[in-house]
Amino acid sequence: MSVVEKFSAIKKQSEDFKMSSANYEFDIKYGILNSRTPRHSLISARYKQSFAYFVLRYRLPHNLAEIILQLSENLDILVSQNGEESRGDFAKVIYRISQLKYRLEHDGPFHQFSGAEPDKDFWNNFLLNLEEGQNTFFSTCFLYAECYVFRRLICYLENTKTLKAFDYYVMKKHKSLIAFLSTIEIILFGIRTVQTSDDVLRFLLRLNLWGNQCDISADTEKYNVKRKGPFEHLRAYEKNIIIDSTTSVINSFKSADHTKPVQVDFICDNAGYELVVDFILAHYLLESKLVDKVRFHMKAVPWFVTDATITDFHWTLQQLKKQAGRCTQEYARIWLQNLNEGKFEIAEADYFWTSPYEFYRMRDVRPDLYEQLTHAHMIIIKGDCNYRKLIGDFRWDASEPFITCIRGFQPANICSLRIVKTEIICGMSPGKNEDLAKKNKDWMLSGEYGTIQFIEKNYCGCPNTTPDSLEHSIMN
């Protein structure tokens, strides 16, 4: 059963459960409101008609149960891989995940971190500053609750003797790369002789954008990437780019100040295929002399199932180097050379990326990281979760300007590449959201629509200037 089929099955079960007396009692007990998230409010699972409620009430408990089952069923194999001493540690981890699942299912309060977590003070300060009555799973912001669950999952490993480097999701990430190896070879063969041009960069930005679809399902057939081929896939989805500031992104690269080294920073999202298309875009930017250096920001710990860590970065390059495809091998060698020469750089892992903080708060809570980002010509922010942190888990009007919603986070030029998977968006042309909703009221959850949004570092949002993020809407 594919991930998408599992998702549908969970949703069907949840619809049945919604009608039960147990669910009614839960809603009454924990103050759940049978409404959508109000306009200009934080997204929260306390609103029953929200995606947040579905995730925290059904999907996340299901995911935790899957991890418990996976660890329990494969315990002997895992112990053989990690040593007999790990058996007791696995038992403790399984027990603690069970406790976390129980607290989630009963809207329990968030607990302070008190173990060996390197970022415990960072997290504890955040938790202490949550407003009274907003420090439980269903009462707080959806983003905060999700981040807390995934950070707890990793802290259980960090506080063992034998499992500090264990990754619950490593096999899923490895399989997601292996499933796309033939597609990667086709892409690399197809672009090996391309010349520098705006059209090539436009194509590679789209390739990178739609690579963000590939965390939704390990069954790549859902998006026809393997059946139709990657190039036909992009043509088929061209009409589904609902905000498109590609021209502004290209112009920004072309107008960069080359009297000093030009650097682009990737705030990476998923491992597997998406990370490879990040490498492909980075490669082109270097080869075309648009930039001199590419810096990759990875997650400090395994995160949101498929997010890429520094370990995933190195593993991916080594795997590509071993593949039978000649183009894949050739490009892997070039990328490894780029890494050795400093043209590719892996930024030091920063726990900000696995914190609940929105990006606009970075200047206050992680000023050193903010300062580091100011040295980039452009920051390419990948994926849905990073987008949620960029504009906040907040019910903006869909047509509110991008510049308003990022709330001053402008250390450099910003480019967001995102497949829409949650119920937040901004920068759309007026009426577009309503038109899409007429066709599919859940269009934001479908994974079928993408956005390419851009804002200049020095754009202030003043009435007499036009933000580049609105360029496409105005021109069309």
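Each residue of the sequence shown is one higher than the one before, counting from 1179 in the working numbering. Every residue gets a Cβ at the ideal spot worked out from N, C-alpha and C, and that includes glycine.
Compare the C-alpha of residue i against each of the options and name the closest.
i     : options                       : result
C1638 : E1601, K1610 and R1585        : R1585
L1331 : G1368, F1291 and H1352        : F1291
A1590 : T1374, E1549 and Y1451        : E1549
A1122 : I1275, Y1322, N1611 and K1467 : Examination of residue 1122 is not possible in this model, given that the chain is present from 1179 through 1654 alone.
T1215 : L1514, S1423 and F1316        : F1316
I1420 : M1556, G1625 and W1493        : G1625
K1417 : N1636, E1203, T1629 and K1635 : T1629
T1437 : V1469, Y1415 and A1414        : V1469
H1555 : D1435, L1256 and E1310        : D1435
F1632 : I1428, Y1225, E1203 and I1210 : I1428
A1486 : R1541, T1532, Q1441 and Y1509 : T1532
A1525 : A1478, V1257 and F1482        : A1478
E1523 : Q1227, L1387, D1542 and F1457 : F1457
F1229 : Q1259, N1636, D1620 and E1634 : D1620
D1490 : K1351, A1510, D1377 and F1482 : K1351
E1519 : R1473, I1272, V1483 and M1540 : R1473
R1544 : G1261, S1360, S1430 and F1587 : F1587
E1363 : N1386, E1612, A1502 and S1433 : A1502
F1344 : L1249, N1636 and R1224        : L1249
P1480 : V1348, K1207, K1226 and N1302 : V1348
R1370 : E1309, D1613, N1386 and Y1462 : Y1462
P1408 : Q1441, L1366, I1512 and Y1538 : L1366
D1393 : N1611, I1512, T1506 and R1596 : R1596
L1282 : K1610, N1201 and L1234        : L1234
R1504 : K1207, L1359 and N1201        : L1359
Y1326 : V1257, Q1507 and F1300        : F1300
Tell me where the beta strand (DSSP E) around residue i begins and ends.
i     : result
V1174 : Given that the chain is displayed from residue 1179 to residue 1654, the structure contains no residue 1174 and the question cannot be resolved.
H1475 : K1471 to H1475
F1632 : G1628 to I1633
C1593 : N1591 to I1597
K1560 : M1556 to K1560
Less than 6 Å between C-beta atoms, sequence neighbours within five positions excluded: which residues of the same chain meet that for residue i?
i     : result
Y1145 : Outside the shown range of the chain, which is 1179 to 1654, sits residue 1145, and nothing can be said about it.
M1622 : V1598 and E1601
D1297 : Y1529
P1287 : N1313 and T1314
L1464 : K1521
Q1373 : none
Y1322 : P1534
N1654 : Confidence is the limiting factor: at N1654 the pLDDT is only 33, short of 50, which leaves the residue's position unreliable, though a coordinate-based value still follows. Closer than 6 Å at Cβ, skipping near neighbours: no residue.
F1185 : Residue placement at F1185 is poorly supported in this model, since its pLDDT is 47, which falls under 50; the coordinates are not used for a value here.
Who are the Cβ neighbours of residue i in its own chain at under 8 Å, not counting the five residues just before and after it?
i     : result
R1217 : R1573 and D1575
L1514 : L1495 and K1499
F1482 : E1324, F1328 and C1563
L1547 : D1528, F1530 and M1540
N1636 : Q1588
Go to residue i, then tell me how far its alpha helix (DSSP H) extends in each direction, as first and last residue.
i     : result
D1248 : In the sequence as displayed, the identity of residue 1248 is Gln instead of Asp. Counting along the chain, the alpha helix (DSSP H) containing Q1248 begins and ends at L1238 to E1251.
N1313 : Element bounds for N1313: n/a, residue is neither H nor E.
K1351 : V1348 to I1356
H1218 : Run containing H1218: none; DSSP gives neither H nor E here.
S1452 : Strictly speaking, residue 1452 in this sequence is Glu, with Ser absent from that position. Taken as a continuous stretch (DSSP letters only), the alpha helix (DSSP H) holding E1452 covers Y1451 to E1465.
Y1659 : Nothing about residue 1659 can be reported from this structure: the residues present for the chain run from 1179 to 1654 only.
L1547 : P1545 to L1551
R1384 : D1376 to G1389
G1266 : S1264 to E1283
F1580 : F1580 to C1583
Y1208 : Taken as a continuous stretch (DSSP letters only), Y1208 belongs to no alpha helix (DSSP H), as it is neither H nor E.
N1611 : K1610 to K1617
T1361 : L1359 to I1369
N1307 : Element bounds for N1307: n/a, residue is neither H nor E.
F1232 : F1229 to F1232
Once you ignore the five residues that flank residue i on each side, which residues in its own chain have a CB closer than 7 Å to its CB?
i     : result
K1279 : P1239, L1242 and A1243
C1319 : L1220, I1221, S1222 and D1571
G1177 : The displayed coordinates of the chain run from 1179 to 1654. Any statement about residue 1177 would go beyond what the structure contains.
E1536 : K1567 and G1570
T1424 : R1380, L1383 and I1630
I1293 : The residue asked about is misnamed: residue 1293 is Gly in this sequence, not Ile. For G1293, where only same-chain residues beyond five positions count, the Cβ hits under 7 Å are C1333, E1336 and N1337.
N1564 : I1445 and D1447
A1510 : L1495, L1498 and K1499
S1466 : T1374
D1376 : I1428
message: I'd like to know if the segment 1336–1355 and the segment 1261–1268 are in contact, where contact means that at least 3 CB-CB pairs between them fall below 8 Å.
response: Yes, the segment 1336–1355 touches the segment 1261–1268.
message: Quick check: the segment 1552–1562 against the segment 1435–1446, are at least 3 beta-carbon pairs closer than 8 Å?
response: yes
message: My parser needs the beta strand (DSSP E) runs of 3 or more residues fully inside the segment 1472–1539; what are they?
response: Within the segment 1472–1539, the beta strand (DSSP E) runs of at least 3 residues that lie entirely inside it are, in chain order, 1522–1524.
message: Please give me, in chain order, every unbroken run of the beta strand (DSSP E) with length at least 3 that falls completely inside the segment 1402–1426.
response: 1419–1422
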